[in-house]
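Visitor: So that we are looking at the same thing, I have put the structure below in structure tokens.
2 protein chains.
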Amino acid sequence: MTTRSAPSASTMREVAARAGVSVATVSRVANGNYPVSAATKERVRAAMQELGYVLDDNARALAGTGSRLIVLVLNELVDPFYGYIARGVQQEAAANGRACLVIATSGQPGGEDEAIDLAIGRRADMVILVGGSRVDDAYQRTIRRHHRRLADHGIRLVLCGRPTTDRGEVPSVQYENEAGAFMVTDHLLRRGHRRILYLGGPTGLSTTEARVNGYRRALREHDLAPDDALIRIGQFGREWSRRTMLETLDAELEVTAVFAGNDICAAGVYAALKQRGLRIPDDVSVVGYDDVPLAVDLDPPLTTVNVPLEPLGREAVRLGLMGDGASADPFARDRSQARLGVYLVERDSVSSPAPA
Amino acid sequence: MTTRSAPSASTMREVAARAGVSVATVSRVANGNYPVSAATKERVRAAMQELGYVLDDNARALAGTGSRLIVLVLNELVDPFYGYIARGVQQEAAANGRACLVIATSGQPGGEDEAIDLAIGRRADMVILVGGSRVDDAYQRTIRRHHRRLADHGIRLVLCGRPTTDRGEVPSVQYENEAGAFMVTDHLLRRGHRRILYLGGPTGLSTTEARVNGYRRALREHDLAPDDALIRIGQFGREWSRRTMLETLDAELEVTAVFAGNDICAAGVYAALKQRGLRIPDDVSVVGYDDVPLAVDLDPPLTTVNVPLEPLGREAVRLGLMGDGASADPFARDRSQARLGVYLVERDSVSSPAPA
DNA sequence: TTGTACGCGTTATCAG
DNA sequence: CTGATAACGCGTACAA
Numbered sequence: 139m140t141t142r143s144a145p146s147a148s149t150m151r152e153v154a155a156r157a158g159v160s161v162a163t164v165s166r167v168a169n170g171n172y173p174v175s176a177a178t179k180e181r182v183r184a185a186m187q188e189l190g191y192v193l194d195d196n197a198r199a200l201a202g203t204g205s206r207l208i209v210l211v212l213n214e215l216v217d218p219f220y221g222y223i224a225r226g227v228q229q230e231a232a233a234n235g236r237a238c239l240v241i242a243t244s245g246q247p248g249g250e251d252e253a254i255d256l257a258i259g260r261r262a263d264m265v266i267l268v269g270g271s272r273v274d275d276a277y278q279r280t281i282r283r284h285h286r287r288l289a290d291h292g293i294r295l296v297l298c299g300r301p302t303t304d305r306g307e308v309p310s311v312q313y314e315n316e317a318g319a320f321m322v323t324d325h326l327l328r329r330g331h332r333r334i335l336y337l338g339g340p341t342g343l344s345t346t347e348a349r350v351n352g353y354r355r356a357l358r359e360h361d362l363a364p365d366d367a368l369i370r371i372g373q374f375g376r377e378w379s380r381r382t383m384l385e386t387l388d389a390e391l392e393v394t395a396v397f398a399g400n401d402i403c404a405a406g407v408y409a410a411l412k413q414r415g416l417r418i419p420d421d422v423s424v425v426g427y428d429d430v431p432l433a434v435d436l437d438p439p440l441t442t443v444n445v446p447l448e449p450l451g452r453e454a455v456r457l458g459l460m461g462d463g464a465s466a467d468p469f470a471r472d473r474s475q476a477r478l479g480v481y482l483v484e485r486d487s488v489s490s491p492a493p494a
Numbered sequence: 139m140t141t142r143s144a145p146s147a148s149t150m151r152e153v154a155a156r157a158g159v160s161v162a163t164v165s166r167v168a169n170g171n172y173p174v175s176a177a178t179k180e181r182v183r184a185a186m187q188e189l190g191y192v193l194d195d196n197a198r199a200l201a202g203t204g205s206r207l208i209v210l211v212l213n214e215l216v217d218p219f220y221g222y223i224a225r226g227v228q229q230e231a232a233a234n235g236r237a238c239l240v241i242a243t244s245g246q247p248g249g250e251d252e253a254i255d256l257a258i259g260r261r262a263d264m265v266i267l268v269g270g271s272r273v274d275d276a277y278q279r280t281i282r283r284h285h286r287r288l289a290d291h292g293i294r295l296v297l298c299g300r301p302t303t304d305r306g307e308v309p310s311v312q313y314e315n316e317a318g319a320f321m322v323t324d325h326l327l328r329r330g331h332r333r334i335l336y337l338g339g340p341t342g343l344s345t346t347e348a349r350v351n352g353y354r355r356a357l358r359e360h361d362l363a364p365d366d367a368l369i370r371i372g373q374f375g376r377e378w379s380r381r382t383m384l385e386t387l388d389a390e391l392e393v394t395a396v397f398a399g400n401d402i403c404a405a406g407v408y409a410a411l412k413q414r415g416l417r418i419p420d421d422v423s424v425v426g427y428d429d430v431p432l433a434v435d436l437d438p439p440l441t442t443v444n445v446p447l448e449p450l451g452r453e454a455v456r457l458g459l460m461g462d463g464a465s466a467d468p469f470a471r472d473r474s475q476a477r478l479g480v481y482l483v484e485r486d487s488v489s490s491p492a493p494a
């Protein structure tokens, strides 16, 4: 068994020795937070270079500076909804010298608690909880508990794409979810549709509630009574949507348009419709939500609601960073809550219903 | 200005005091690596519970135990190719008590160097470099440099979806990239296609080279000479593919089938074909590569090559963890290289060419 | 402008 | 089985 070169990271002390200065001086040029003479600075820089020296973040965190770490908690990495938000978070984090620890919970509720512990253990300076969530009392309590727990450790909590508590005590960045649902339903109604199927995500999820509420409100504003038979709530998934659409078709509900809870669901709806030989939009109009890249590749391209996912992620980081600066801007309003706008993207999946 | 409760993480010392034991004992029950009497253990556990105590990972890493951190470096978080690999890495990492630090380089070469520094600074125990890469001498040198640098710090380097160095010194997990390209091209040839356009990723990228090589080999085995006019190499992007396909159509090259370098490119090809009123597969057959979810939502569903992305990610973690165990299995073969198989997924985008 | 020395929270070694 | 105590690498008062 040959002896490999032992793992040997160079330390500040080694750099100091090489540059003929003290460790304190090395620390100072590394952080640039105290004056150091140009000559000394240069020698230290050279020594760092030659040794391939890298500051030890663990030691730094222990010594009291932050960890420059953001913990990002989401359901599912692959889903483009989360993916784009994650990208926004990444970008803004990188722009502020932070690294991102990404946790995918796969929807398990316990996953968030684990993530909180992880954040505490790593001394993260921020936790971002992404995506819709149940909005009952238990949720309120859980979020408050997380909030308090993290605060005890000097860690910020930011909610992204889900509502804050009813007291609004924890920062959150949301989008005009209900308004988007209203817009897209209204769009269908103006085209003359009267029997519009809603088909989407799990009961109790904030995302679902907002979208169904928008749908209902649009109906009411057109003097139509929402018909529960036309609201199918199950999952946000392609397969579930396909099957459910098939069932709905078999039930002969005389539907002329479908509002799919998100673009993935819309893909399932497309599949079901084609399976039954129905044409989009001639026989049935379809709209989606989110405007992920898939929407433009569906045939016909999907009319949907654009959600500013990347900005959502970036804003979440900004919210969390706010106040980190030593000088809290006295003129800064309280921006612990942000809400970004959405807009309708008209493509080719909607037409007026065929005359009966 | 009201005084908030100061950030106060509880430490081992506090737990020790509360349980009436020494910090050493607390450490021992926390880690379970040394014998502790049941009674003591219970008291310590209780104290930890009451204080909401969480081990400090920074201190642990400093004290010499690993950081239980994996640094994952990829081009682009949103791309499903990377997304699924990332998911596999996540899963396997979590299964082994590791957290993942995700870095998206957006293709900037300097990004990898930064990621290496980050890994060193955080004392990560593994770095996974994901995705195709240039394969010239500079690449060899860069990888060797990274490898040596990380090894100096006791950090493993694993390549995922890209070739190792010519000496095979750094662990890598790949897939049968060339073979997949051969299979799918062969599939078209057997259906009678003779003029097949290849359209895909950047020059010099390992992924591109492998796929073009497979394409060429299939042609040769069918006694056809590869025609450079039918090989369009640019980017792995939907828009580039759409534009390029349009140009190709205008050039009237008598193409009856298209091998898109990946499924995203195939989406661009679909768009171009439809834009010109051409039907798939009646007028032109199309195949893709990767088998990401999009493939099944294209119309018609895309025939493509399935790449085991999640397993790729999982295997990468296993490779990196191998040998971490205190007892190196003397019977374990050297598995520092892995290569996973791919298979053809036939859907509805291929038919025989129409008789001329 | 620079150096000295202590503390951050854990782990591991060495006594007991 | 349990308790002191010396590292681990860095930041920062404090002193010079």
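Residue numbers (our numbering), protein chains in the order written: chain U, 139 to 494; chain A, 139 to 494. Note that the Cβ used here is the ideal one computed from N, Cα and C, for glycine as well.
(1) Would D290/A count as contacting chain U if we go by Cβ distances under 9 angstroms?
(2) Please tell me whether E484/A has its Cβ less than 9 angstroms away from any Cβ of chain U.
(3) Among R332/U, A157/U and N171/U, whose alpha-carbon lies nearest the alpha-carbon of V396/U?
(4) Against chain U, does A317/A count as a neighbour if the rule is that its beta carbon must be under 9 angstroms from one of theirs?
(5) Under 8 angstroms by Cβ, that's how I've got L450/U and C238/U pegged, so tell me the actual separation to the nearest angstrom.
(6) Chain U beta carbons: is any one of them nearer than 9 angstroms to that of G221/A?
(7) Please tell me whether V240/A and A262/A are closer than 9 angstroms, where the distance is taken between their beta carbons.
(8) Quick one: which unbroken beta strand (DSSP E) runs of 3-plus residues sit fully inside the segment 405-447 of chain A? Chain order, please.
(9) Is the distance from the Cβ of V311/A to the Cβ of E453/A below 9 angstroms?
(10) Enumerate in chain order the residues of its own chain whose CB-to-CB distance from N315/U is below 6 angstroms, with the five nearest sequence positions on each side excluded.
(11) Quick check: the segment 483-492 of chain A against the segment 412-426 of chain A, are there 3 or more CB pairs under 8 angstroms?
(12) So what does DSSP say about M383/A, is it helix, strand or coil?
(13) Using 9 angstroms as the limit for Cβ to Cβ distance, is G479/A near chain U?
(14) Can you tell me the Cβ-Cβ gap for V182/U and V153/U, rounded? I've got them flagged as a contact below 8 angstroms.
(15) Residues of the segment 384-410 of chain A with a CB closer than 8 angstroms to any CB of chain U: list them in chain order, please.
(16) State whether the segment 260-279 of chain A contacts the segment 335-349 of chain A, with contact taken as three or more CB pairs (one from each stretch) at a distance under 8 angstroms.
(17) Flag N171/U as yes if its beta-carbon sits less than 9 angstroms from any beta-carbon of chain A, otherwise no.
(18) Report the neighbours of N444/U on chain A: residues whose CB is nearer than 7 angstroms to its CB, in chain order.
(19) With a threshold of 9 angstroms between beta-carbons, can S487/U be considered close to chain A, or not?
(20) Could you check whether the Cβ of I258/A sits closer than 9 angstroms to any Cβ belonging to chain U?
(21) Name the residue from P218/A, E230/A, R477/A and G330/A whose alpha carbon lies nearest to the alpha carbon of D361/A.
(22) Whole angstroms is fine: what's the gap from K179/A's alpha carbon to V430/A's?
(23) So, are the CB atoms of L207/A and R166/A less than 9 angstroms apart?
(24) Could you work out which residue in A201/U, E307/U, L193/U and V159/U is closest to D194/A when comparing CA atoms only?
(25) So, with DSSP's three-state summary, where would you put L391/U?
(26) Within the segment 266-349 of chain A, note down every full alpha helix (DSSP H) run reaching 4 residues or more, in order along the chain.
(27) Does Q373/A get closer than 9 angstroms to chain U when you measure Cβ to Cβ?
(28) Where does A183/A fall in DSSP's three states?
(29) Whose Cβ in chain A lies nearer than 8 angstroms to the Cβ of A184/U?
(30) Alpha helix (DSSP H) containing S229/U: first to last residue?
(31) Please classify Y481/U: is it buried, with 16 or more other beta-carbons within 10 angstroms of its beta-carbon, or exposed?
(32) Strictly below 7 angstroms CB to CB, what residues from chain A border L432/U?
(33) Report the neighbours of A199/U on chain A: residues whose CB is nearer than 8 angstroms to its CB, in chain order.
(34) Would a C-beta distance cut-off of 9 angstroms place L337/A and T382/A closer than the cut-off?
(35) Is the beta carbon of D324/U within less than 8 angstroms of some heavy atom of the ligand PLP?
(36) Can you find a C-beta in chain A that's less than 9 angstroms from the C-beta of V311/U?
Guide: Straight from the coordinates:
(1) Judged by the 9 angstroms Cβ criterion, D290/A is in contact with chain U.
(2) E484/A is outside the set of residues whose beta carbon lies under 9 angstroms from a beta carbon in chain U.
(3) Looking at the Cα atoms, R332/U is the closest of the given residues.
(4) So, not an interface residue.
(5) Not quite, the Cβ-Cβ distance comes to about 15 angstroms (not below 8 angstroms), so this is no contact.
(6) At a cut-off of 9 angstroms, the C-beta of G221/A has a neighbouring C-beta in chain U.
(7) Inclusion of V240/A and A262/A in the CB contact set at 9 angstroms is not warranted, their separation being larger than that value.
(8) If we require 3 residues or more, the beta strand (DSSP E) runs fully inside the segment 405-447 of chain A come out as 423-425 and 442-444.
(9) Their beta carbons are under 9 angstroms apart, which means V311/A touches E453/A by this criterion.
(10) Result list for N315/U: A348, in chain order.
(11) Yes: at least three Cβ pairs fall under 8 angstroms.
(12) DSSP places M383/A in helix when its eight states are reduced to three.
(13) Residue-level contact by beta carbon fails for G479/A and chain U, as no gap is shorter than 9 angstroms.
(14) In this structure V182/U touches V153/U by the C-beta definition: roughly 7 angstroms separates them, less than 8 angstroms.
(15) Cβ contacts with chain U: A405, Y408 and A409.
(16) Contact check between the segment 260-279 of chain A and the segment 335-349 of chain A: three or more CB pairs, one atom from each, fall below 8 angstroms, which counts as touching.
(17) Output row for N171/U: interface = no.
(18) Those do not exist, as N444/U stays about 16 angstroms from chain A at its closest Cβ, beyond 7 angstroms.
(19) No, S487/U does not count as interfacial toward chain A.
(20) Chain U has a Cβ within less than 9 angstroms of the Cβ of I258/A.
(21) The shortest CA-to-CA distance from D361/A to any of P218/A, E230/A, R477/A and G330/A is the one to G330/A.
(22) The straight-line gap from Cα to Cα measures roughly 50 angstroms.
(23) No, they are not a contact pair.
(24) Looking only at A201/U, E307/U, L193/U and V159/U, the smallest Cα-Cα distance to D194/A is reached by A201/U.
(25) Three-state result, L391/U: coil.
(26) List check, alpha helix (DSSP H) in window: 275-290 and 315-328.
(27) Residue contact with chain U for Q373/A: absent (no Cβ-Cβ distance below 9 angstroms to any residue of chain U).
(28) The identity of residue 183/A in the sequence shown is Arg, whereas the question assumes Ala. Helix at R183/A.
(29) The contacting residues do not exist; A184/U stays about 18 angstroms from chain A at best.
(30) Just to set this straight, residue 229/U is Gln in the shown sequence, not Ser. Annotation for Q229/U: the continuous alpha helix (DSSP H) segment containing it runs P218 to A233.
(31) The residue is exposed, with fewer than 16 neighbouring Cβ atoms inside 10 Å.
(32) Residues of chain A whose Cβ lies closer than 7 angstroms to the Cβ of L432/U are, in chain order, L432 and D435.
(33) Those within 8 angstroms of A199/U in chain A are N196.
(34) In this structure, T382/A lies closer than 9 angstroms to L337/A by Cβ.
(35) Among the components modelled here there is no ligand, and therefore nothing to report on the ligand PLP.
(36) Residue contact check for V311/U against chain A: no CB pair falls below 9 angstroms.
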